[in-house]
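Asker: Just dropping this structure here.
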Amino acid sequence: MLKISNLTKIYKGGKKAASDVNIHVQAGDIYGFIGHNGAGKTTTIKCVVGIHDFDQGEIFVNEISVKDEPLKCKEIMAYIPDNPDLYEYLTGIQYLNFIADVYGVSAKEREERIRKESDAFEITSALGDLISSYSHGMKQKVAIIGALIHKPKLLILDEPFVGLDPKAALTLKNKMHELCEEGSAIFFSTHVLDVAEKLCNKVAIIRNGQIIASGNTEDVTAGSSLEDVFMEVTENV
Amino acid sequence: MFKQIFRLCRLQMYNIFGINEFRHTKDKSKRKRFELMAALWSVVILMVVSYVVGLSYGLIKLGMGNVLPMYLYAVVSIIMLVFTFFKSGSVLFSMKGYEMLVTLPMPKSAIVVSRFMKMYMTNLLLACVVMIPGGLVYGIMENPSAIFYIIYAIGTVFLPLLPLTIASIIGAIIKAISSRTRRKSMVEALLTILLLVAIFGIFMSLPDDEKSISLEMLKNMAGIIEEKLGMFYPPALWFNNAVFGGFSYIIGYIGIPLVIFVLFVAVLQKYFQSICTLLNGVSARNDYRLTTLKSQGVVKALWKKELKRYFASSIYVTNTIVGYVLAVVAAVGVFILGIDKIGELLGISGIEPIVEMALPFIYSLLMSIATTTSCSISMEGKNFWMVQTLPIRSKDVYLSKILANITVAAPFYIVSVIMGWLTVKPDMMEYLWLAVIPACYIVYMAVMGITINIAFPSFNWDNEVQAVKQSASTLVNIIVGIVSSIVPVVVMVLLGESMSDIARLVIVSVLVTVTAFLYNKNGKKELQGIG
C-alpha cells in the first residue's frame, strides 16, 4: 500500500533530514515509525503526504507514484498531523462537510460516517461550535473523523495519541484495527513505545534520517521490549 | 519595570521586518525574498524622500519655509493616525504570545508598552524618512542655528507618540466594543470602516471657499497654512514655534503627548486582561444535533471556506475592502458634485471630457489598491498543510481565492458603476467602458494578487497584520495596482479624446490577455512548491 524506496530529503539549508529511507507498508499493516525528536519521522511523513518534495527516491501509494500522480495518491489516503491546525473559523460540522466535499463523499454516506465516528469519539454535540473553541484533544478527534470520512486505503498519522484522552485513544486504536481488517493500511509515528509494541505488527526505527532497524515487531524486538531495543540501536548503531 | 519593557521590546524587535529570520535562515530562496523586499522598500523610501525634498524646496522657494516643519509634522501625523488605527487593536491585543507573557512575572503595563513600542519603531522610520530630508533641505537653504536641528530632531523622535496613542485609543475602544459581541470580527471591521468613512466625510466637508489660487493668496499662503494646521493639529504648531525659538512650546508637543500616553497605558493595563479574555473567549453551545447534510463541488466548497476565512478576520476585511469602499465614496462624490464641478474645483476649465474618460480608471485604481488575493495564500498560515495534503488541484485553490475576491468586490463594483452611469453624459460607449474597465481590473488584480502571493508567500506570521499589511506581497501588489491603472490614463491623455475608444479597447485587450496568461501560469504552480 505504501512503498518508500531510497527516499532522500535535503532541506534548503543543506540538512539531510532523510537519507536512503526504505519502508514497505502492506494492506492490513499497522506500521509504527519510531525515532528521537528530529530523527526524520515527520519529514518522511510530509514527503509521503505531499507537503514536502524530495530529492531522490520514489514513493508509491497503492503502486501509484506520489511524484507523478499526487492527486490520485491523495484521494486514497488521509493524513493527521501531530498538531491539528484546522480551520478555526469553521464549525466542526462545516469542517467535516468541507472535507467530505473535497473527497467527493455522497451526502448519505457522509451523514452515516460522521454520525458513527462522532458518536464513537463523543463529540457530536460540539460539532455545531467553532473549532476555535475546541481543546487540542477535540481538534484531534475532528481531524480523525475527517480523515476517516472517505474510508482511506492508507491512513498516515503523526503522533496520533498526543492530546487524546484515554477513552478516545482506545477508540482510535479500535478504529485502526477496524480499518486494517477492511484491507487498509496504517503508518504512524510515535514516541510512545508501549503503544507501538502492542499496536503495530511492523515497526521501523529511524536515527539521523536513516532507518536503522525495521521489520515485523516480533523480529525487531526478538524477545526484548521495544524500549530496550530502541535504546540499544539508537545509542550503539 | 523598565527592564522588563526593554526585554519585551527587544523580543518584538527580533520580529520587525523579519530581520532575525533573515540573519539566521539558511534557505537561499528565503534570503533572496528578504533582499528583494529590502530593495522594494528602498525604492519606496527613495520615492518618498525625493517627493519630500521637492516639496520642501518648492515651499521654501514660495516663501513658506517658516511653515515647512509644521506642514511635514502634521502630514506625517495624519498618515500615521489613519494607517495605525486599522491595526492598533490587533497589535495591542494580539493573542499570540499573550498566554505565555501573562504567566511571566511582569506587569501588564510592560506588555502594553512593548506592543505599543513595536508600532512606534516602524512609525519612527516613517517620521525619519519624511522629517530628515525636509529638515536638511531647510537647513541648506535657510541656514538656521544649531538649536534648530536639536529641537527638530527631538520633535521627530516624539512625533509618532500622539498619533499612535490616539490610534491605539480608537483601536482599543473598537476592540472593547467588539469583544462583547458574538460576531467580533464583523463588528470590528464594520466599526473601523465606518470610522474611516467618517474621517473622509469630515475632510470632504471642511469649508473651502477658495475656488482658485491667486497670486495675492499665494503671498499669504504661509499664514493660511499656519492658521489652518494650527487649528486642525495644534502639536504641529507647537513644534513649529519651538524650532523657531519658542522653546516653551516643547512642553506642549512633548509633554502633552507623553501625559496622554502614560494615562492611556495606566487605563488600558487595568482592562487589558479582561479585553484579551473576552476576545479569546469563544461561545460554545455544545448542543448540536446532526441533521441532513448536502454535498457540493470542490471549487464551491473552497470558495465558501475562503469567504468564511475572509469575514472571520477584521484585519483582513478592513485592509482589503478599503479600496472598494473608497471607489463607492468617489463614485457618490462625483455624482453629487457633477463632472463640471470637478473642473471648477481643480481650477482647470474644459477638463470634463478627460475626467469622464478617466472615471473608469479612477474606480479601477481604487479597486486595485488592495486585493484579497494578494495575501490569501499567506493567510492560510498554519492551515496550509490541509490544502497541500487534500486531493485538490492547486488550480482550484487559486480559483476559489479569485472568486472570493470577486465576490467581495461585486457589491461595491455594482454601486460604483450605477453611480457612474448616473454621472456621465448618456452615451452607450461610456456606459460600456464604465462597466467593462473596472470589471477587467478587478479580475486582473485578483489574478495578479495570487501571482504575487505565490512569489512572496509568508506563512510564519504571529499576527495577521504581518500577512495582510506588512508583507512583500502586499507592497508589490499595491505598486503593481497603482502602476497598472495610472499608465493607461497617461497614455489616453497623451492620445487625446479622439482615440479614446480605440485606446480603451487596447487596454481591455491587454488586461484580458495578461489575466489569462497569469491564470494559466499560476495553475501549473503546485502548492507543494510554495514557501
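The listed protein sequences correspond, in order, to chains A and B.
Just so we're aligned, residue 693 is where the first sequence starts under the working numbering, counting upward by one.
Just so we're aligned, residue 2 is where the second sequence starts under the working numbering, counting upward by one.
Glycine residues also receive a C-beta, built at the ideal position from the N, C-alpha and C atoms.
Note that the structure is a prediction, hence the values are computed from the model and not measured.
Going along chain A, which residues have a C-beta under 7 Å from serine 78 of chain B?
Answerer: Here residue 78 of chain B is taken as the residue at index 77 of the second sequence, counted from 1. Simply none; closest approach about 36 Å.
Asker: May I ask you to report which of helix, strand or coil DSSP gives tyrosine 781 of chain A?
Answerer: Taking the first sequence and counting its residues from 1, one reaches residue 781 of chain A at position 89. Three-state result, tyrosine 781 of chain A: coil.
Asker: For histidine 716 of chain A, report the span of its beta strand (DSSP E) as first-last.
Answerer: Here the question's residue 716 of chain A lines up with position 24 in the first sequence. Note, histidine 716 of chain A: beta strand (DSSP E), 708-717.
Asker: Would you call valine 921 of chain A buried or exposed, if buried means 16 or more other Cβ atoms sit within 10 Å of its Cβ?
Answerer: Translated into the one-based positions of the first sequence, residue 921 of chain A becomes position 229. The residue in question, valine 921 of chain A, is buried, as its Cβ has 16 or more Cβ neighbours within 10 Å.
Asker: So, does the region 473-493 of chain B touch the region 449-459 of chain B, judging by three or more C-beta pairs under 8 Å?
Answerer: Taking 8 Å as the limit for Cβ pairs, the verdict is that the region 449-459 of chain B does touch the region 473-493 of chain B.
Asker: Mind listing the chain A neighbours of arginine 286 of chain B? Cutoff is C-beta to C-beta under 7 Å, in chain order.
Answerer: Position 285 of the second sequence holds residue 286 of chain B. Within chain A, the residues near arginine 286 of chain B are Gly820, Asp821.
Asker: Could you confirm whether any beta carbon from chain A is found closer than 8 Å to the beta carbon of glutamine 389 of chain B?
Answerer: Residue mapping note: residue 389 of chain B aligns to position 388 of the second sequence, counting from 1. Chain A contact via Cβ: present.
Asker: Any beta carbon from chain B within less than 8 Å of isoleucine 930 of chain A's own beta carbon?
Answerer: As displayed, chain A neither begins before 693 nor continues past 929, which places residue 930 of chain A out of reach and without an answer.
Asker: Quick one: Cα of methionine 118 of chain B to Cα of serine 365 of chain B, how far?
Answerer: Here the question's residue 118 of chain B lines up with position 117 in the second sequence. Here the question's residue 365 of chain B lines up with position 364 in the second sequence. For methionine 118 of chain B and serine 365 of chain B, the distance between alpha carbons rounds to 36 Å.
Asker: Using only CA atoms, which one of B:Tyr74, B:Asn464, B:Ala468 lies nearest to valine 92 of chain B?
Answerer: Counted from its first residue, the second sequence places residue 92 of chain B at position 91. Of the candidates B:Tyr74, B:Asn464, B:Ala468, the one whose C-alpha sits nearest the C-alpha of valine 92 of chain B is B:Asn464.
Asker: Is it true that the CB of glycine 730 of chain A sits closer than 8 Å to the CB of tyrosine 787 of chain A?
Answerer: Stepping through the first sequence from its first residue, residue 787 of chain A is reached at position 95. Stepping through the first sequence from its first residue, residue 730 of chain A is reached at position 38. No.
Asker: Should methionine 500 of chain B go down as buried or exposed, given a rule of 16 or more other Cβ atoms within 10 Å for buried?
Answerer: Within the second sequence, residue 500 of chain B is the residue found at index 499, counting from 1. Exposed is the call here.
Asker: Listed from N- to C-terminal order along the chain, which residues in the region 236-268 of chain B have their beta-carbon within a distance smaller than 9 Å of any beta-carbon of chain A?
Answerer: Cβ contacts with chain A: none found.
Asker: Would you mind working out which of A:Arg899, A:Ala709, A:Asn928 sits nearest phenylalanine 725 of chain A, comparing C-alpha positions?
Answerer: Translated into positions along the first sequence, residue 725 of chain A becomes position 33. Here the closest residue by C-alpha is A:Arg899.
Asker: Could you tell me which of B:Ile503, B:Ile443, B:Ile174 sits nearest to glycine 482 of chain B, measuring between CA atoms?
Answerer: Counted from its first residue, the second sequence places residue 482 of chain B at position 481. Closest option to glycine 482 of chain B, Cα to Cα, is B:Ile443.
Asker: Contact between the region 135-143 of chain B and the region 45-65 of chain B is defined here as three or more beta-carbon pairs at a separation below 8 Å; is this criterion met?
Answerer: Taking 8 Å as the limit for Cβ pairs, the verdict is that the region 45-65 of chain B does touch the region 135-143 of chain B.
Asker: If you measure between the beta carbons of alanine 719 of chain A and glycine 875 of chain A, is that distance less than 8 Å?
Answerer: Translated into positions along the first sequence, residue 719 of chain A becomes position 27. Translated into positions along the first sequence, residue 875 of chain A becomes position 183. Yes.
Asker: What are the start and end residues of the beta strand (DSSP E) that includes phenylalanine 752 of chain A?
Answerer: Here residue 752 of chain A refers to the residue found at position 60 of the first sequence. Note, phenylalanine 752 of chain A: beta strand (DSSP E), 748-753.
Asker: Residues of the region 391-414 of chain B with a CB closer than 7 Å to any CB of chain A: list them in chain order, please.
Answerer: So the close ones are Leu391, Pro392, Ile393, Arg394.
Asker: At the level of alpha carbons, what is the spacing between serine 757 of chain A and isoleucine 715 of chain A?
Answerer: Indexing the first sequence from 1 puts residue 757 of chain A at position 65. Indexing the first sequence from 1 puts residue 715 of chain A at position 23. Cα to Cα, serine 757 of chain A sits roughly 15 Å from isoleucine 715 of chain A.
Asker: Just curious, the beta strand (DSSP E) that arginine 899 of chain A is in, first and last residue?
Answerer: Mapped onto the first sequence, residue 899 of chain A falls at position 207. Arginine 899 of chain A -> beta strand (DSSP E) spans 894-899.
Asker: Mind checking which residues open and close the beta strand (DSSP E) that includes glycine 724 of chain A?
Answerer: Mapped onto the first sequence, residue 724 of chain A falls at position 32. Start and end: 722-727.
Asker: Determine the burial state of phenylalanine 746 of chain A: buried for a count of at least 16 other Cβ atoms within 10 Å of its Cβ, exposed for fewer.
Answerer: Taking the first sequence and counting its residues from 1, one reaches residue 746 of chain A at position 54. Burial call: buried.
Asker: Determine whether the Cβ of leucine 840 of chain A lies closer than 8 Å to any Cβ atom of chain B.
Answerer: By one-based count along the first sequence, residue 840 of chain A stands at place 148. Chain B contact via Cβ: absent.
Asker: Straight-line CA distance for glutamate 353 of chain B to glycine 202 of chain B?
Answerer: Locating residue 353 of chain B in the second sequence gives position 352, counting from the first residue. Locating residue 202 of chain B in the second sequence gives position 201, counting from the first residue. Rounded to the nearest angstrom, the two C-alpha atoms are 24 Å apart.
Asker: Listed in chain order, which residues of the region 296-310 of chain B have Cβ atoms closer than 9 Å to some Cβ of chain A?
Answerer: Correct list: Ser296, Gln297, Gly298, Val299, Lys301, Ala302, Leu303, Lys305, Lys306, Lys309, Arg310.
Asker: Can you name the residues of chain B whose CB is closer than 7 Å to the CB of phenylalanine 790 of chain A?
Answerer: Position 98 of the first sequence, counted from the start, is the residue given in the question as residue 790 of chain A. In chain order: Ala302, Lys306.
Asker: Within 10 Å of its beta-carbon, does glutamate 767 of chain A have 16 or more other beta-carbons around it, so buried, or fewer, so exposed?
Answerer: Taking the first sequence and counting its residues from 1, the one referred to as residue 767 of chain A is at position 75. It is buried - the Cβ of glutamate 767 of chain A has at least 16 other Cβ atoms within 10 Å.
Asker: Please state if the CB of serine 78 of chain B and the CB of proline 164 of chain B are separated by a distance shorter than 8 Å.
Answerer: Taking the second sequence and counting its residues from 1, the one referred to as residue 164 of chain B is at position 163. Taking the second sequence and counting its residues from 1, the one referred to as residue 78 of chain B is at position 77. Contact: yes.
Asker: Report the residues of the region 739-772 of chain A with a CB closer than 9 Å to any CB of chain B, ordered along the chain.
Answerer: For the region 739-772 of chain A, which is checked against every Cβ of chain B, the residues closer than 9 Å are Val741, Gly742, Ile743, His744, Asp745, Pro762, Leu763, Lys764, Cys765, Lys766, Glu767, Ile768, Met769, Ala770, Tyr771.
Asker: Determine which residues share a DSSP beta bridge with tyrosine 771 of chain A and list them.
Answerer: Locating residue 771 of chain A in the first sequence gives position 79, where the first residue counts as 1. DSSP lists A:Ile848 as partners of tyrosine 771 of chain A.
Asker: By the 10 Å Cβ neighbour count, where 16 or more other Cβ atoms means buried, how is phenylalanine 86 of chain B classified, buried or exposed?
Answerer: Residue mapping note: residue 86 of chain B aligns to position 85 of the second sequence, counting from 1. Label assigned to phenylalanine 86 of chain B: buried.
Asker: Quick one: does lysine 212 of chain B have its CB under 8 Å from some CB of chain A?
Answerer: Along the second sequence, read from residue 1 onward, the residue named residue 212 of chain B stands at position 211. Low confidence applies to lysine 212 of chain B: its pLDDT is 48, below 50, so where it sits in the model is not reliable enough to give any reading.
Asker: Quick check on DSSP: helix, strand or coil for isoleucine 743 of chain A?
Answerer: Here residue 743 of chain A corresponds to residue number 51 of the first sequence, with the count starting at 1. DSSP places isoleucine 743 of chain A in coil when its eight states are reduced to three.
Asker: Contact criterion: CB-CB distance below 8 Å. Does glutamate 803 of chain A meet it with respect to chain B?
Answerer: Looking up residue 803 of chain A in the first sequence gives position 111. True, the Cβ-Cβ gap to chain B drops below 8 Å.
Asker: Step through the CB atoms of chain B and report whether any lies within less than 8 Å of the CB of arginine 899 of chain A.
Answerer: To locate residue 899 of chain A, count along the first sequence from 1; it is residue 207. Chain B contact via Cβ: absent.
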